[in-house]
Amino acid sequence: MKELEFLAGQNLKRALQNRGIVLDDPGNPRCDYCGSNACYVSIFKGKQLLNPMGQTEEKLMERNPNCRLSCKTTVGYAMQEGDLKLKVNLSQW
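Residue numbers for the sequence shown follow the working numbering, beginning at 20 and rising by one.
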């Protein structure tokens with residue numbers, strides 16, 4: 020487990036990668052937006068700190084509402100601050 024700080028308005032996927040988190044999950048399907056198979060993250064705490072899901076993302080995540088596409092997720096929505104707890108590379112757990 021790592022503790023990281025993010026700036027409000029950052030894209031979650033880029034923020035994780037910029038901080039050395041390796042997003043590589045061959046067990047996941049490819050993301051419809053960015054083509055990566057490591058885009059899916061599971062949010063355990065701090066959902067209110069993220070931008071609302073768009074309609075397409077909501078449909079994709081119907082079966083698991085705790086998951087988000089990191090390439091479509093913005094941290095610190097409406098300049099909120101707080102703790103965010105998430106898992107990356109979900110099929111490897």
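Each residue gets a CB set at the ideal place from its N, CA and C atoms; glycine is no exception. This structure is a prediction, so every number in the text was calculated from the model and none was measured.
- Which residues bound the alpha helix (DSSP H) around Arg33? Indexing the sequence shown from 1 puts residue 33 at position 14. Looking at the DSSP string, the run of the alpha helix (DSSP H) that includes Arg33 is 31 to 37.
- With 16 other Cβ atoms within 10 Å as the buried cut-off, status of Tyr92: Sequence index remark: in the sequence shown, residue 92 carries index 73 (1-based). It should be noted that the sequence gives Thr, not Tyr, for residue 92. Burial state of Thr92 is buried, judged by a 10 Å Cβ sphere holding 16 or more other Cβ atoms.
- Query: Do you know how far the Cα of Cys86 is from the Cα of Lys64?
  - Reply: Against the sequence shown, residue 64 aligns to sequence position 45. Against the sequence shown, residue 86 aligns to sequence position 67. Between the C-alpha atoms of Lys64 and Cys86 there is a straight-line separation of about 11 angstroms.
- Item | Those residues which DSSP pairs with Val94 across a bridge | Working through the sequence shown from its first residue, we reach residue 94 at position 75. The bridge partners DSSP lists for Val94 are Leu69.
- Message: Whole angstroms are fine: how far does the CA of Pro45 sit from the CA of Ser110?
- Response: Locating residue 110 in the sequence shown gives position 91, where the first residue counts as 1. Locating residue 45 in the sequence shown gives position 26, where the first residue counts as 1. Going by the C-alpha atoms only, they are around 8 angstroms apart.
- Item | The alpha helix (DSSP H) enclosing Lys78, as first and last residue numbers | Counted from its first residue, the sequence shown places residue 78 at position 59. Start and end: 74 to 79.
- Message: Just verifying my parser: in three-state terms, what is the DSSP assignment at Ser61?
- Response: As a working mapping, residue 61 is identified with position 42 in the sequence shown. In the three-state reduction of the DSSP assignment, Ser61 falls in the strand class, which pools E and B.
- Could you give the DSSP three-state label for Leu109: helix, strand or coil? Residue numbering aside, residue 109 sits at position 90 when the sequence shown is read from its first letter. Leu109 sits in a helix when the DSSP states are folded into three classes.
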